[in-house]
Every structure is written in C-alpha cells, then in structure tokens.
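Since the structure comes first, as structure tokens, the remarks are kept for the end.
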Amino acid sequence: MKRLGLVYLTVFAGYAAQQVLTPVLPPLARQLRLTEFQLGLVITLAAAVVVVASPIWGRLIGKWGNKRVLLTALSGCVVGLLGLALTAQFVFVPAIVFGLLLLTRGVIFGAALAAVPVAGQAIVAGATTGEKERVKGIALIGAVQGLALIVGPALGGLLAGAGLLAPLYVTPALLVVVAVFIAIKLPSTKTQEVTKPPKLSPFDARLWPSLVTGFGLFLALSFLQVTLGFLIQDRLGLAPDAAARMTGWALVAAGVPFLLCQALVVPKLGWSPARLLRTGLPLAVIGFALVAPADSFAWILGAIVVLSIGLGLAVPGYTTAPTLLVSHAEQAGVAGLIGATNALTFVVGPILATSLYSASPGLPYLSGAILLAAIAVFVFARRAPVRAEVESV
1 MKRLGLVYLT
11 VFAGYAAQQV
21 LTPVLPPLAR
31 QLRLTEFQLG
41 LVITLAAAVV
51 VVASPIWGRL
61 IGKWGNKRVL
71 LTALSGCVVG
81 LLGLALTAQF
91 VFVPAIVFGL
101 LLLTRGVIFG
111 AALAAVPVAG
121 QAIVAGATTG
131 EKERVKGIAL
141 IGAVQGLALI
151 VGPALGGLLA
161 GAGLLAPLYV
171 TPALLVVVAV
181 FIAIKLPSTK
191 TQEVTKPPKL
201 SPFDARLWPS
211 LVTGFGLFLA
221 LSFLQVTLGF
231 LIQDRLGLAP
241 DAAARMTGWA
251 LVAAGVPFLL
261 CQALVVPKLG
271 WSPARLLRTG
281 LPLAVIGFAL
291 VAPADSFAWI
301 LGAIVVLSIG
311 LGLAVPGYTT
321 APTLLVSHAE
331 QAGVAGLIGA
341 TNALTFVVGP
351 ILATSLYSAS
361 PGLPYLSGAI
371 LLAAIAVFVF
381 ARRAPVRAEV
391 ESV
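Residue numbers 1 to 393, in full-length UniProt numbering, belong to the letters of the sequence shown in order.
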C-alpha cells in the first residue's frame, strides 16, 4: 500500500537522522569542551522529552491528522539539527553551548522525533485488518527502525570524514527532501473524526500488561547499548580506537538479525503477539546470560546474535498486542503510550546500566537476563485478553 510505504520512509528518515549523530556526538562534545556527563544529560533530556511528548502527539493526531503531525515532526527535526549545527560552528563558550544543546538536541529534536513512531503506528493500525496483517504492518515499523540503527551510524561515520559538522548539515537537508515528498504524496486523512480524541491511561486494564512487558524489553536493550562498548574494551583489553571499531561490528551483529526478524521472519510466520513474545523472550534471556561471562569477541558476537533474534521476535509482539485490544479511535493514544514507555527506559536505563557495570562488568547482562526471565514468566502466566474488533479506515 502506497500510503504505508510513505510512512515507513518517514520513520526510517527520522530514526536514521537520530542515529547519524551516534558516532559524531562524543568527539564533537569533546571538541566543544563538554564533559561526558554533560553529553549524557543531553541524551537523557531528549528521552525524557519523548516520554512527555509521545502521548501528546497521540492526542494531536486525532485533531490534526497524520499528515500534519508527520510534517510538523520532520520540520521540528530539521530545526533541532540545524540549531545543533549552528551552535557547534559559531558558539564557543562551553556553558552556552551546553544550554543550546539541551534546547536543540534535547528538547526540539526529542519532541519532534517522538511524533514519528506515534503517527506511523497509528496509520498502520488504521490501515490494516486482521491480526496477522496488523502484526506484519507494525513489525515493519520496527524493521525500518532497525535498518536506521545500521544505516544511520554508518552514514554518520562516512560524512564525518568531511568534518564533524558535515553530518549536522547534510542530515537536515535530507529530512527536508523527505518532508517535501510526504507533503506532495501522502493523503491528508485523520485517524478519527472527533474534536477530542479518547485519552488513554497507562494504567488501563487492557494496556498496562503490554506496557510492563515493553518496559522490561527495552530496559534490557538499553543495558546492552550503554555498556557493550565498555565490555568489549575491558574484556578484550583493546585501545579506544580498536574498541570503537569492534563495538561497531558488534552493533551490526545485533542490528542485522533484529532487522531481519521484523522485516522477514515475523511477517512470514504469521504468529500471534502472544506466541511471538513466548518464543522471543526465552531466546533473549539465553542471549543476555551468555554475554555476561563472554571473554572473546566470537563469544560476544554469538551471544548478541541470539539475544537479537529473541528481541526481534518479542518486540513486534509487544508493539502489536495493545493495538488489538482497543478501538480504532484509541489507536493513536496507544501509539503514544508505547512511544513514551520505550523512551522512559532510556531515561533510567543508562544510569542503572553504568552503575551495574561499575559493580561488575557482567552484572548488566545478568540483570537483563533476570529481568527478561521475569517478564517471560509474566507473559506465560497471563491468559490471552479479549480482543477488540480490528477495524480499518
């Protein structure tokens, strides 16, 4: 469906823009005389902003329509990235630089990016009929996010060869191209013709079990993302440059199976969300447990592949399950709550992960395994909830 293709393009562009910054921000922060802690605060603020903004976008979709929300989001991302670029190039006082980074990368870019997956999931949920079709459609959102996790850092590293500022200017230019394309090609529709869309609570009896499951999944994932570079450097005794290269390969090893599961395996299997969770969670538990004692790069890669396959199956189950339990009018609200839940893990995850790592390098991974095992028990113990009628626009 042409409209869904445009949605997947937008989700990819937004997340690729975020990931382009991954290899650039650490050296750029040092060049701007900022500390690692200050950069961490910028990233944490961005995640906190996503937590707050996601439900708001979910409600605005019902008033504005998906097209207006997506264009507003892309425009906000452009403004945030351009502000970051201009700050890095023309501001030289570290305290002012830090404040402007909090505003541009943290608040503006974070709030704008929050709208992209919310609108994307709302469009897919409204355009699909039947459980299998919806699982496939929402799994593809995860797949394009996974693709962005691979392509974004690679593009950022490539552009950084022309200077650290190059990615900061090229990326918003590419987003402008995507925004113009969306403005021309995407039909103007609303997910619900009401002036006041239903407001959902994360404590809604239909939703909180799925949100708890998702929080556990993404919290464990944050443990991996935050500490993997440290683990590789410390366990293998590598210099910083070599550790960065090996960590990059390890992240590719994590991203590829995660992408393939959501893009190819999940749509082909046609499993229910419950079955995806009940299959993926045990695999992820095994993978996390295997990383903890790993003392060779091959061992680390093998364990990461196992846990990525597990997460690649479980995450589509989590993101699809709540959409099957609510009415069409509530789909945007559900998408907002899912976005907020995912972002919340990256508010608390980095601090918790680094504290665990300081105590023992294997502890974040053992903790991730225990957390996911608890979530698996929770999922297996719950009876399948009664589904709402799946509608399409």
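For every residue, glycine included, the Cβ atom is placed at its ideal position computed from N, Cα and C. As the structure is a prediction and not an experimental result, all values here were calculated from the model.
Going by alpha carbons, who is nearest to K199 out of F380, G58, L158, I370?
Closest option to K199, Cα to Cα, is G58.
Mind reading off the beta-carbon distance from V226 to G349? Whole number of angstroms is fine, and I expect it under 8 Å.
Indeed they touch by this definition, with Cβ atoms about 6 Å apart.
When DSSP labels each residue in this structure, what does F92 get in the three-state scheme?
Coil.
Identify, in the order they occur along the chain, each residue of the same chain with its Cβ nearer than 6 Å to the Cβ of A368, setting aside the five sequence neighbours on each side.
Reading the sequence as shown, one finds Gly at residue 368 and not Ala. Answer for G368: A220, F223, F288, listed in chain order.
Would you please state the rounded distance, in angstroms, between the beta carbons of D295 and R206? I believe it to be under 8 Å.
Between D295 and R206 the beta-carbon gap is near 45 Å, outside 8 Å, which marks them as no contact.
Of all the CB atoms in chain B, is at least one closer than 8 Å to the CB of V348?
Absence of chain B from the displayed structure is noted, only one protein chain being present.
Simplified DSSP assignment, three categories, for T129
Note: T129 maps to coil in three-state DSSP.
Secondary structure of L25, DSSP reduced to three states
The three-state reading of DSSP puts L25 in helix, counting H, G and I together.
Let's test the definition: count the other Cβ atoms within 10 Å of the Cβ of A239 and tell me whether it reaches 16, buried, or not, exposed.
By the 10 Å Cβ count, A239 comes out exposed.
Of the residues L81, F346, S355, the one placed nearest F218, counting alpha carbons only
Nearest in C-alpha terms to F218, of all of L81, F346, S355, is F346.
Suppose contacts are defined by Cβ-Cβ distances below 8 Å. Is L164 in contact with P27 by that definition?
With respect to the 8 Å criterion, L164 and P27 are classified as neighbours on the basis of their beta carbons.
Proximal residues to A139 (C-beta, below 7 Å), its chain only, five neighbours per side dropped:
For A139, where only same-chain residues beyond five positions count, the Cβ hits under 7 Å are Q262, V266, P267, P316.
Going by beta carbon distance, what residues of the same chain come within less than 8 Å of A85, once the five residues before and after it are set aside?
For A85, where only same-chain residues beyond five positions count, the Cβ hits under 8 Å are L165, L168, Y169, P172.
Verify whether the separation of the beta carbon atoms of V97 and T87 is less than 8 Å.
Yes, these two residues count as a Cβ contact at 8 Å.
Between the Cα of P94 and those of V178, K67, R33, spot the shortest distance and give me the residue it belongs to.
When only C-alpha atoms are compared, the closest one is R33.
Classify G65 as helix, strand or coil using the three-state DSSP reduction.
Three-state DSSP puts G65 in coil, outside helix and strand.
Can you look up K185 in the DSSP assignment and give me helix, strand or coil?
In the three-state reduction of the DSSP assignment, K185 falls in the helix class.
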